[in-house]
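Report on one structure; see the data block that follows.
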Amino acid sequence: MTDWYGIHWGELGGNDRLDGLIISSYIENRVANGRGVAVSGMGLGVSVTLPPDRQGNGVIVLGEPVDGAFIAAPDVPMLRCYNNQIPFVQGSKERTALEIVAPTGEKPLSISKDTVTVNGVLRGSAQTRGEALFSGDGERTSFAVAFAKPFSVKPVVLLSANQFARNRLAAVATTGFTVEFETAPEAGKDNVTIWWMAQE
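When you line the sequence shown up against the numbering used here, it's residues 438 to 637, in that order.
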C-alpha cells in the first residue's frame, strides 16, 4: 500500500481498513459547534462515486441529531433520484408540510402535523381491498372472505355486494370477515360478488 497526499494505491489485505478523510474534535468541555466540512460557491457540493457490485454506501449518519440527519430549505427538492421522472421530496413553501412533488409540478401527497392530503388516485393492495367471487346454491346465506395475510388487529371493513338481498357484516377477525345475506342468493356460477376494503 502506498500513500501520497490522500491518494492510495496497491492492494488491501483481508483485515486492512482504509479511511479517506477523518475530521474529529477533541474539545473536552463541549461539542465543537463549527462545521466539519464547508462547501460554498460550487456547482456540486459533494459527489460520491460508489464501487461496483454494491460494495459501498453513499452517506451514513450515526448518532442522535438535534434537528435532523439531513436538513434542507423549504420549497426545494431535498431527496430525489438522479436524472429521473420519479417524484421527489421537499418541504412546502408555507413551511408547514412535507410534500411529494412530481417533476411536472403536481403534488400527489402532502403531510402536515394535522392533515394528510392526497391529490390523485389512492391505490390499495390485495391486503386492503378486493373482490371476492362465490357461487350461490339457493340455500347458502353466509360467505367468508379471507385476507391475503392477517392484520395485527381487527380491521374496519366496508363492503358492497351485487345481490339485491340485504346483507350485513356478520363477523370480523384479523384473518378475514363474514357476510350474511337476508335471503340466499340463487344458484349460479360465480354469481355472488363482494367488494370490500379493510383498514386497521
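In this text, a Cβ means the ideal position worked out from N, Cα and C, and glycines have one as well.
Nearest residue (CA-CA) to residue i, options the options
{"i": "residue 591", "options": "474, 538 and 614", "result": "614"}
{"i": "residue 605", "options": "625, 583 and 631", "result": "631"}
{"i": "residue 580", "options": "553, 620 and 560", "result": "620"}
{"i": "residue 607", "options": "599, 601, 600 and 595", "result": "595"}
{"i": "residue 636", "options": "624, 617, 625 and 612", "result": "612"}
{"i": "residue 618", "options": "610, 624, 601 and 626", "result": "601"}
{"i": "residue 609", "options": "589, 603, 492 and 625", "result": "589"}
{"i": "residue 527", "options": "548, 625, 472 and 477", "result": "548"}
{"i": "residue 515", "options": "525, 500 and 521", "result": "525"}
{"i": "residue 554", "options": "566, 534 and 540", "result": "534"}
Sequence-distant residues of its chain with Cβ nearer than 7 Å to residue i (five each side left out)
{"i": "residue 628", "result": "572, 573 and 622"}
Buried versus exposed call for residue i [16 or more other C-beta atoms within 10 Å across all chains shown]
{"i": "residue 587", "result": "exposed"}
{"i": "residue 446", "result": "exposed"}
{"i": "residue 503", "result": "exposed"}
{"i": "residue 439", "result": "Note on residue 439: pLDDT 49, under 50, position unreliable in the model; the coordinate value appears next. Exposed, by the Cβ-count rule."}
DSSP beta-bridge partners of residue i
{"i": "residue 514", "result": "527"}
{"i": "residue 604", "result": "618"}
{"i": "residue 465", "result": "Per DSSP, none; premise fails for residue 465."}
{"i": "residue 566", "result": "634"}
{"i": "residue 501", "result": "Paired residue(s): none; residue 501 is not in a bridge."}
{"i": "residue 598", "result": "631"}
{"i": "residue 536", "result": "527 and 547"}
Spatial neighbours of residue i in its chain, beta-carbon cut-off 6 Å, leaving aside the 5 residues before and after
{"i": "residue 545", "result": "537, 556 and 557"}
{"i": "residue 585", "result": "563 and 564"}
{"i": "residue 462", "result": "469"}
{"i": "residue 495", "result": "485"}
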